[in-house]
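Take a look at the structure below.
Number of protein chains: 2
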Amino acid sequence: MMQMPPKFSKRQLLLSIGKTAGAATMYQAMTALGFAAESDYKGSPQLTGAPKGTRVLVLGGGLAGMTAAYELRKAGYAVRILEYNPRAGGRCWTIRGGDVYTELGGATQKCAFDPGLYINPGPWRIPYHHHAVLDYCKKFGVRLEPFIQVNYNALVHSTKAFGGKPQIYRHVQADFQGHTAELLGKAINAGALDEQFVPEDREKLLDALTRWGGLTKDRTYGPSLQSSLFRGFEVAPGGGLMPAQKFSTPMDYKELIASGLWKRISAGQDIEFQSSIFQPAGGMDMISKAFEREVKTLIRYNTKIVKIHQDDKKVRVTFKNSDGTGQEQTETADWCVCTIPLSILSQIPLTVGPAMHAAINAVPYGSSVKIGLQFKRRFWEQDEQIYGGISYTDTPIQRIAYPNSDYGKPGKGVLLGAYLWEGVNAYEFTAMSPAQRIRKAVEYGNLLHEQYAREFDNGVAVAWHRVPWVNGCYGHWTDPMREKHYNNLCQIDNRIVLAGEHASFIPAWMEGAVLSALDATERLHQTIVATAKTA
Amino acid sequence: MMQMPPKFSKRQLLLSIGKTAGAATMYQAMTALGFAAESDYKGSPQLTGAPKGTRVLVLGGGLAGMTAAYELRKAGYAVRILEYNPRAGGRCWTIRGGDVYTELGGATQKCAFDPGLYINPGPWRIPYHHHAVLDYCKKFGVRLEPFIQVNYNALVHSTKAFGGKPQIYRHVQADFQGHTAELLGKAINAGALDEQFVPEDREKLLDALTRWGGLTKDRTYGPSLQSSLFRGFEVAPGGGLMPAQKFSTPMDYKELIASGLWKRISAGQDIEFQSSIFQPAGGMDMISKAFEREVKTLIRYNTKIVKIHQDDKKVRVTFKNSDGTGQEQTETADWCVCTIPLSILSQIPLTVGPAMHAAINAVPYGSSVKIGLQFKRRFWEQDEQIYGGISYTDTPIQRIAYPNSDYGKPGKGVLLGAYLWEGVNAYEFTAMSPAQRIRKAVEYGNLLHEQYAREFDNGVAVAWHRVPWVNGCYGHWTDPMREKHYNNLCQIDNRIVLAGEHASFIPAWMEGAVLSALDATERLHQTIVATAKTA
Chain A
111 MMQMPPKFSK RQLLLSIGKT AGAATMYQAM TALGFAAESD YKGSPQLTGA
161 PKGTRVLVLG GGLAGMTAAY ELRKAGYAVR ILEYNPRAGG RCWTIRGGDV
211 YTELGGATQK CAFDPGLYIN PGPWRIPYHH HAVLDYCKKF GVRLEPFIQV
261 NYNALVHSTK AFGGKPQIYR HVQADFQGHT AELLGKAINA GALDEQFVPE
311 DREKLLDALT RWGGLTKDRT YGPSLQSSLF RGFEVAPGGG LMPAQKFSTP
361 MDYKELIASG LWKRISAGQD IEFQSSIFQP AGGMDMISKA FEREVKTLIR
411 YNTKIVKIHQ DDKKVRVTFK NSDGTGQEQT ETADWCVCTI PLSILSQIPL
461 TVGPAMHAAI NAVPYGSSVK IGLQFKRRFW EQDEQIYGGI SYTDTPIQRI
511 AYPNSDYGKP GKGVLLGAYL WEGVNAYEFT AMSPAQRIRK AVEYGNLLHE
561 QYAREFDNGV AVAWHRVPWV NGCYGHWTDP MREKHYNNLC QIDNRIVLAG
611 EHASFIPAWM EGAVLSALDA TERLHQTIVA TAKTA
Chain B
111 MMQMPPKFSK RQLLLSIGKT AGAATMYQAM TALGFAAESD YKGSPQLTGA
161 PKGTRVLVLG GGLAGMTAAY ELRKAGYAVR ILEYNPRAGG RCWTIRGGDV
211 YTELGGATQK CAFDPGLYIN PGPWRIPYHH HAVLDYCKKF GVRLEPFIQV
261 NYNALVHSTK AFGGKPQIYR HVQADFQGHT AELLGKAINA GALDEQFVPE
311 DREKLLDALT RWGGLTKDRT YGPSLQSSLF RGFEVAPGGG LMPAQKFSTP
361 MDYKELIASG LWKRISAGQD IEFQSSIFQP AGGMDMISKA FEREVKTLIR
411 YNTKIVKIHQ DDKKVRVTFK NSDGTGQEQT ETADWCVCTI PLSILSQIPL
461 TVGPAMHAAI NAVPYGSSVK IGLQFKRRFW EQDEQIYGGI SYTDTPIQRI
511 AYPNSDYGKP GKGVLLGAYL WEGVNAYEFT AMSPAQRIRK AVEYGNLLHE
561 QYAREFDNGV AVAWHRVPWV NGCYGHWTDP MREKHYNNLC QIDNRIVLAG
611 EHASFIPAWM EGAVLSALDA TERLHQTIVA TAKTA
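From first to last, the protein sequence lines stand for chains A and B.
The opening position of the first sequence corresponds to residue 111 in this note's numbering, with each subsequent residue numbered one higher.
The opening position of the second sequence corresponds to residue 111 in this note's numbering, with each subsequent residue numbered one higher.
Okay, here's the thing in structure tokens:
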């Protein structure tokens, strides 16, 4: 039996392997021990030696700002958060019935969802390897439930394939894999790969392809028990003297390849979307509220920053009420963690060097639109047995996502009727009025679910470029942009350090915001301690 | 926009397509409409015209028996259930702290799990297409939560491969698929499949393989961004100025093929295990208890059937207390639905014809052992980020399954430390004492999780062949056996009809039990009505 030393010794062991045998060996050892480094999260930082009475001002009360504030206060700093909204959490946001939201341009929506129903306009899932977010959820008691990423009974839809008729996910999945396995088997049998495999390995590979592809013993993919056990039966096995089972017939391979629908079946294999993946029970803002409970006394709400000034001794931030009323006021501190999105920060006078300025101005913000639709009943469950998960379509709405909670519940239901992500569609939807967006979402969604026309109740639409306090969805970096600006963005500029998903390599994810805040916090602390020693 | 008539017209439409254009066209139409026939469940039966005062005796208060009783009472029959145990539900069973269980051979276990922790020794998941079970859950208000079948961060383990070190599921999954895609790409480029594809289709297929396999632009599978986005990074992307990301290195293809670990990665694609798949929140017996609430007044508990006699007018059942005490008693009825497992029924004198007798005696019962292990902490989550799902091993325990609820909860945790299914292992474990089984489960599990040795607390083990009231796990049919006996088993023999998972084509599943009961109930009702008319 394998016997290993306890947890902390294991880390030390790995580090010593790393030092003596190199990173590759260490990684092998990590894998062998059952865990690989999916995150740079090393646990909550232990910051010691904070100079007494040192004040840090945190700009922005989203996840990055609250993470920084929480850790800095714990380290002994005097912390204040200035937040634009009357609530904390930023993009970690949930809209429920009764909520009122006014976007840029002035359109106001009052959400009319039934009690308990909601959409998350921003982040909506947490992968198992987003250790920092999961750790804070655990620490703050946020209850998590599985997010269904892959639903084999959901739909994949192309207006240009199969006569525009939605296909079932598992048919595309099984048939792509099955036909591909059959094809490779044929190539192997034809001797195309004889140079690469000795006969024994060839046989093993053929066996693997047979099981994995749902092939028959003669290695073909067609109507059979094997393929039906993946793609489903035409008549399913029943009880007693019910009608006998019938195999189903796979789709044509060439038509399937030409359809492009195969693009949808690997999404659940992406590291960011693999199971287990989670959502907080009750809405993503359960995370915001949990952080907010911890740092509430530090937050000044409804505060619009209009100027950020620093000199060698202090940071001075000028602000007004977020509705533009009231006098300009100032708050000073010794240091500053600024988590304001670059799309907003680039509009605020700020005393930092030219390199950071250039970086702040360089990063465009990604576009995204999410539309929540309430229906009179959960027809996707009742008529089509689609319990949670995502359907895909090549229409502008891109996706329909079904609620991952309250399965089988009677009454009304809310689904995510559109999740537009990048591309010209997102901009087109942003240009529309909320009512138009919702109308379009119902019109396109009706191509996947004929029940839409009858069952639609009401909706709410968030176009991120029109969200007043962020003007976009997330920092949309490119590789050349990163090369030129990223390090400059993240360096501490005198007494100011930036944090947020835009200051991370995991943009648009909460984990990016939190890791960025932890990294910025640790570096700032080190700088503060070093500065105090030399002072 | 596609406009369809409402739900019931849709069914009528389909039936008319089926009548005029044949079953294949109807199936195409069903698929086009977004639903295919995965089940023979047509909804709760509408049984009308039950002759007044007709009595039906149901033997066995598991899911089949309670389904039959519920529907027959609704139809107007006078129904009684005789049940061996002091509880209803049969194999739909949950063991919690404080429960006492004595197996054949006399070994008694008192479960010492902490409050709220449990194992389901029998069924533990409900596929999305098990419509009958899901429908009763909905009707009876059973709260469902997702069962995690596939966990990309769980382990796959072979004592004969990779030095016996557990591998991570997503590495096996990504590397098998990636290497396979690369290989097929090579074969296509080498011209091996030129006869089957015109150049344009070849290019489309190559594009598909590239995305799906995580290949680079030059169509190779190796350390790259593309493969790391499936299998994970060696150093993950971080926040701020954390260390730069590093790609991970795939496993060797031949070693992977030889390892047999690829067998584990298609389980989640099987129709029976595809997402969405569910468990009742709080234990599988939430379903038993929900049925029991409906039919409780009909049940006589602690009743051991010793003889079942019928003539042309009546069915007379003789029974004792299940502990063997008390006088023999009898209950008579006009008709009987017998859901007693064949393994038990074959030991009871029963007046049926030779064909049904032969069928009852023909079916062996499958072997299975489940072992629940309580640990001092949920180390699989805390140390290894395994949240729910299943690890696979070639050791006798076969699987370790992690709890699919209370993610991140502090305190003790219970996992399924062994799920042996068929094969000599299951018999060997059945032969052991419960304490030995548990010891073995800890010993083998320790090969996957080094924390076992330190964190183990207590366990409980159920070997189905030693369960007194079933003597096995499920009716283990073979094709030749079905051919010879299945119809004889399911026919109504004079006044008796059998039901249960053993009288279905979905053995070992609750859906089989329920569908079998519905089918038997409908046929029995038709017979009763016809008999009354001719009487």
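Backbone N, C-alpha and C fix where the C-beta goes; we use that ideal spot for every residue, glycine too.
How many angstroms separate the CA atom of C448 of chain A from the CA atom of G171 of chain A? The sequence position of residue 448 of chain A within the first sequence is 338, counting from 1. The sequence position of residue 171 of chain A within the first sequence is 61, counting from 1. As the crow flies, the alpha-carbon of C448 of chain A is around 10 Å from that of G171 of chain A.
Which one or two residues does DSSP pair with R487 of chain B in a beta bridge? The sequence position of residue 487 of chain B within the second sequence is 377, counting from 1. For R487 of chain B, DSSP assigns no beta-bridge partner whatsoever.
Between the segment 604–620 of chain A and the segment 495–514 of chain A, are three or more C-beta pairs nearer than 8 Å? Not touching, per the Cβ criterion.
Among the residues of its own chain, which have a CB less than 7 Å from the CB of T637 of chain B, if the five just before and after it don't count? Locating residue 637 of chain B in the second sequence gives position 527, where the first residue counts as 1. Same-chain partners within the cutoff: I602.
Under the rule that 16 or more other beta-carbon atoms within 10 Å means buried, what is G208 of chain B, buried or exposed? Taking the first residue of the second sequence as 1, we reach residue 208 of chain B at position 98. Classified as exposed, G208 of chain B has fewer than 16 neighbouring CB atoms from the shown chains inside 10 Å of its CB.
Start-to-end residues for the beta strand (DSSP E) that takes in E441 of chain B: Numbered from 1 along the second sequence, position 331 holds the residue referred to as residue 441 of chain B. Run containing E441 of chain B: 439–443, per the beta strand (DSSP E) assignment.
Cβ distance (whole Å) where G349 of chain A is taken to contact S334 of chain B below 8 Å: Taking the first sequence and counting its residues from 1, the one referred to as residue 349 of chain A is at position 239. Taking the second sequence and counting its residues from 1, the one referred to as residue 334 of chain B is at position 224. With 8 Å as the limit, G349 of chain A and S334 of chain B do not qualify as a contact, their Cβ atoms being about 50 Å apart.
With DSSP run on the structure shown, which of helix, strand or coil describes I191 of chain B? As a working mapping, residue 191 of chain B is identified with position 81 in the second sequence. Three-state result, I191 of chain B: strand.
Determine the DSSP secondary structure at T631 of chain B, reduced to helix, strand or coil. Position 521 of the second sequence, counted from the start, is the residue given in the question as residue 631 of chain B. Here T631 of chain B sits in helix by DSSP.
Measure from the C-beta of S614 of chain B to each C-beta in chain A and report whether the shortest distance is under 8 Å. By one-based count along the second sequence, residue 614 of chain B stands at place 504. By this cut-off, S614 of chain B is an interface position.
Roughly how many angstroms lie between the CA atoms of D444 of chain A and A291 of chain B, to the nearest whole one? Taking the first sequence and counting its residues from 1, the one referred to as residue 444 of chain A is at position 334. Taking the second sequence and counting its residues from 1, the one referred to as residue 291 of chain B is at position 181. Distance between the alpha carbons of D444 of chain A and A291 of chain B is about 57 Å.
Is it the case that the segment 544–555 of chain A contacts the segment 479–493 of chain A, given that we only count it when at least three CB pairs across the two stretches are under 8 Å? Inter-segment contact for the segment 479–493 of chain A and the segment 544–555 of chain A is present: three or more beta-carbon pairs are separated by less than 8 Å.
Here's a check: name, in chain order, each residue in its chain whose Cβ is nearer than 8 Å to the Cβ of P617 of chain B, leaving out the five neighbours to either side. Taking the first residue of the second sequence as 1, we reach residue 617 of chain B at position 507. For P617 of chain B, where only same-chain residues beyond five positions count, the Cβ hits under 8 Å are G476, Y584, G585, H586, W587, E611.
If we call anything under 8 Å between Cβ atoms a contact, is K406 of chain A one with V416 of chain A? Along the first sequence, read from residue 1 onward, the residue named residue 406 of chain A stands at position 296. Along the first sequence, read from residue 1 onward, the residue named residue 416 of chain A stands at position 306. No, these two residues do not count as a Cβ contact at 8 Å.
I believe E402 of chain B touches G199 of chain B by the beta-carbon criterion, under 8 Å. Please report the beta-carbon distance rounded to the nearest angstrom. If you number the second sequence from 1, residue 402 of chain B lands on position 292. If you number the second sequence from 1, residue 199 of chain B lands on position 89. Separation of the CB atoms of E402 of chain B and G199 of chain B is rounded to 7 Å, and the pair is thereby assigned contact status at 8 Å.
Mind pulling the chain B residues with CB within less than 7 Å of S626 of chain A? Within the first sequence, residue 626 of chain A is the residue found at index 516, counting from 1. Ordered by position in chain B, the residues that pass the 7 Å Cβ test against S626 of chain A are G349, G350.
Within 8 Å, strictly: CB atoms of Y180 of chain B and E404 of chain B: For the purposes of this step, residue 180 of chain B is taken as residue 70 along the second sequence, with counting starting at 1. For the purposes of this step, residue 404 of chain B is taken as residue 294 along the second sequence, with counting starting at 1. Closer than 8 Å, so yes.
Which residue from A:H419, A:D362, A:W372 puts its Cα closest to that of R321 of chain B? The count along the second sequence starts at 1 and reaches residue 321 of chain B at position 211. Checked all of A:H419, A:D362, A:W372; the closest Cα to R321 of chain B is A:W372.
Is V600 of chain B close to chain A? Criterion is C-beta to C-beta, closer than 8 Å. Start at 1 with the first residue of the second sequence, and residue 600 of chain B comes out as number 490. Here residue 600 of chain B is Cys; the residue named in the question, Val, does not match the sequence. For C600 of chain B, a Cβ of chain A is located within less than 8 Å of the residue's own Cβ.
Within-8 Å CB hit, L634 of chain B to chain A: The residue labelled residue 634 of chain B in the question sits at position 524 within the second sequence. Not an interface residue.
Is Y279 of chain B helix, strand or coil when you go by DSSP? Indexing the second sequence from 1 puts residue 279 of chain B at position 169. Collapsing the DSSP output to three states places Y279 of chain B in a helix.
In chain order, what residues of the same chain have a beta carbon less than 7 Å from the beta carbon of A474 of chain B, not counting five sequence neighbours either side? Position 364 of the second sequence, counting from 1, holds the residue named residue 474 of chain B. Residue identity differs from the one stated: residue 474 of chain B is Pro in this sequence, not Ala. Excluding positions up to five away in sequence, the list reads H586.
For the beta strand (DSSP E) that contains Y363 of chain B, what are its first and last residues? Here residue 363 of chain B refers to the residue found at position 253 when the second sequence is read from its first residue. Residue range 363–369 is occupied by the alpha helix (DSSP H) that includes Y363 of chain B, with no beta strand (DSSP E) assigned at that position.
So for C448 of chain A, helix, strand or coil by DSSP? Position 338 of the first sequence, counted from the first residue, corresponds to residue 448 of chain A. Strand.
Is V570 of chain A near G159 of chain A, with beta carbons less than 8 Å apart? Taking the first sequence and counting its residues from 1, one reaches residue 570 of chain A at position 460. Taking the first sequence and counting its residues from 1, one reaches residue 159 of chain A at position 49. For V570 of chain A and G159 of chain A, no; Cβs fall outside 8 Å.
In DSSP terms, what I481 of chain B is bridged to: The residue you call residue 481 of chain B lines up with position 371 of the second sequence. As DSSP reads the structure, I481 of chain B sits in a beta bridge with B:A528, B:A571.
Inter-residue Cα distance where the pair is R426 of chain B and E313 of chain A: Mapped onto the second sequence, residue 426 of chain B falls at position 316. Mapped onto the first sequence, residue 313 of chain A falls at position 203. If you take the alpha carbons of R426 of chain B and E313 of chain A, they lie about 60 Å apart.
Counting contacts by CB-CB distance shorter than 8 Å, is P353 of chain B in contact with chain A? Here residue 353 of chain B is taken as the residue at index 243 of the second sequence, counted from 1. The C-beta of P353 of chain B comes closer than 8 Å to at least one C-beta of chain A.
How would you call N299 of chain A, buried or exposed, if buried means at least 16 neighbouring beta carbons within 10 angstroms? Working through the first sequence from its first residue, we reach residue 299 of chain A at position 189. Taking all protein chains in view, the Cβ of N299 of chain A is surrounded by fewer than 16 other Cβ atoms within 10 Å, so the residue is classified as exposed.
Verify whether the separation of the beta carbon atoms of V88 of chain A and L408 of chain A is less than 8 Å. Residue 88 of chain A is absent from the model: chain A starts at 111 and stops at 645.
Note down the Cα distance separating I191 of chain A from T204 of chain A, rounded to an integer number of angstroms. By one-based count along the first sequence, residue 191 of chain A stands at place 81. By one-based count along the first sequence, residue 204 of chain A stands at place 94. Annotation: I191 of chain A to T204 of chain A spans about 21 Å, alpha carbon to alpha carbon.
Under 6 Å Cβ to Cβ from L214 of chain A, same chain only, skipping five residues before and after it: list those, please. The residue given as residue 214 of chain A occupies position 104 in the first sequence. Apart from the 5 residues on each side of it in sequence, L214 of chain A sits with its Cβ closer than 6 Å to the Cβ of R576, P578 in its chain, given in chain order.
First and last residue of the beta strand (DSSP E) that includes E255 of chain A? Position 145 of the first sequence, counted from the first residue, corresponds to residue 255 of chain A. Where E255 of chain A is concerned, the enclosing beta strand (DSSP E) stretches over 254–256.
Looking at the unbroken alpha helix (DSSP H) that takes in F471 of chain A, where does it start and where does it end? Locating residue 471 of chain A in the first sequence gives position 361, counting from the first residue. Checking the sequence, you will find Asn at residue 471 of chain A rather than Phe. Unbroken alpha helix (DSSP H) run through N471 of chain A: 464–472.
Looking only at DSSP bridge pairs, what is Q389 of chain B linked to? Counting from 1 along the second sequence, the entry for residue 389 of chain B is found at position 279. Under DSSP, Q389 of chain B shares a beta bridge with B:E255.
Pairwise C-alpha distance: M361 of chain B and K340 of chain B: Here residue 340 of chain B is taken as the residue at index 230 of the second sequence, counted from 1. Here residue 361 of chain B is taken as the residue at index 251 of the second sequence, counted from 1. Residue identity differs from the one stated: residue 340 of chain B is Phe in this sequence, not Lys. In this model, F340 of chain B and M361 of chain B are separated by some 13 Å (Cα to Cα).
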